[in-house]
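Just below is one structure, and these are the notes that go with it.
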Amino acid sequence: MFCSKDLEKLRRKVSEKLSEKRFSHVLGVERCAAYLGKLILPDAVDELSAAALLHDISKEISYDEQIKLLEETGFDLSDEDRKTPGVLHSFTAPIIIKRDFPEFATDNILSSVLYHTVGRENMSIFEKIIFISDYCEDTRKYDSCIKVRMSLIQGLEKLSYEEKLDRLDKACLLSIDGALEALERCNIPINSRMYLTRNSLLLK
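Under this note's numbering, residues 10 to 213 are what the sequence shown spells out, in order.
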């Protein structure tokens with residue numbers, strides 16, 4: 010689908026649109042997603058890399074610009090979404106991708122970017138890999154991120170395919186619990202979509 014030259018060109022373009030710190034995180038997500046992809050979705054490694062590179066493409070756009078973009082494109086934006094600005098970039102990123110990076114606007118990339126912050130019920134494996142990679146990539150130094158990263162990757166290569174999927178689900182659940190705890194501790198509004206994602210993982 011994509012070749013190494015396509016991805017290298019994409020890295021350059023993304024680096025021009027993000028701050029150095031944000032781009033460092035993006036590269037961390039790419040490393041994690043590619044690693045997990047090789048073990049779980051080997052036929053989608055390059056697509057996962059592209060999704061990782063693009064997941065925060067609108068992260069540094071202002072709140073007002075994000076709201077305007079969502080309203081102009083008819084996104085079903087709730088009052089709750091407006092009050093949780095930290096999730097807006099995941100909603101605007103697919104719009105930016107389709108507009109500025111149409112060659113990368115695959116269904117997998119668009120959906121995984123859309124759900125990478127709050128998730129959704131019954132996420133696909135591709136979506137879960139981007140979701141967890143965003144949380145536990147190796148530049149994340151928070152205790153909860155390190156805990157999730159180690160619980161996910163330790164011995165992963167030795168597991169069966171089904172065991173790897175189970176490990177992935179458990180890591181996603183741990184990451185949501187860590188994120189919810191951090192948001193509550195900092196008195197930051199929580200988007201209820203996160204609870205739907207958590208409940209879906211608990212039921213698996």
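Just so it is clear, CB atoms sit at the ideal spot from N, CA and C, and this is done for glycine as well.
Simplified DSSP state of residue i, which is helix, strand or coil
{"i": "residue 131", "result": "coil"}
{"i": "residue 151", "result": "coil"}
{"i": "residue 30", "result": "helix"}
{"i": "residue 75", "result": "helix"}
{"i": "residue 41", "result": "helix"}
{"i": "residue 86", "result": "coil"}
{"i": "residue 114", "result": "coil"}
{"i": "residue 124", "result": "coil"}
{"i": "residue 195", "result": "coil"}
{"i": "residue 146", "result": "coil"}
{"i": "residue 70", "result": "coil"}
Alpha-carbon to alpha-carbon, residue j and residue i
{"i": "residue 200", "j": "residue 113", "result": "28 Å"}
{"i": "residue 98", "j": "residue 180", "result": "23 Å"}
{"i": "residue 116", "j": "residue 196", "result": "35 Å"}
{"i": "residue 119", "j": "residue 111", "result": "10 Å"}
{"i": "residue 127", "j": "residue 24", "result": "25 Å"}
{"i": "residue 106", "j": "residue 133", "result": "20 Å"}
{"i": "residue 149", "j": "residue 94", "result": "21 Å"}
{"i": "residue 169", "j": "residue 187", "result": "27 Å"}
{"i": "residue 85", "j": "residue 96", "result": "14 Å"}
{"i": "residue 160", "j": "residue 176", "result": "8 Å"}
{"i": "residue 82", "j": "residue 167", "result": "45 Å"}
Per-residue burial, residue i [other beta carbons within 10 Å of its own, 16 or more giving buried]
{"i": "residue 46", "result": "buried"}
{"i": "residue 163", "result": "exposed"}
{"i": "residue 191", "result": "exposed"}
{"i": "residue 80", "result": "exposed"}
Beta-carbon separation (whole angstroms), residue i vs residue j, contact threshold 8 Å
{"i": "residue 125", "j": "residue 143", "result": "5 Å"}
{"i": "residue 27", "j": "residue 65", "result": "7 Å"}
{"i": "residue 78", "j": "residue 138", "result": "About 26 Å separates the two Cβ atoms, so there is no contact after all."}
{"i": "residue 130", "j": "residue 184", "result": "Wrong, their Cβ atoms sit about 16 Å apart, outside the cutoff."}
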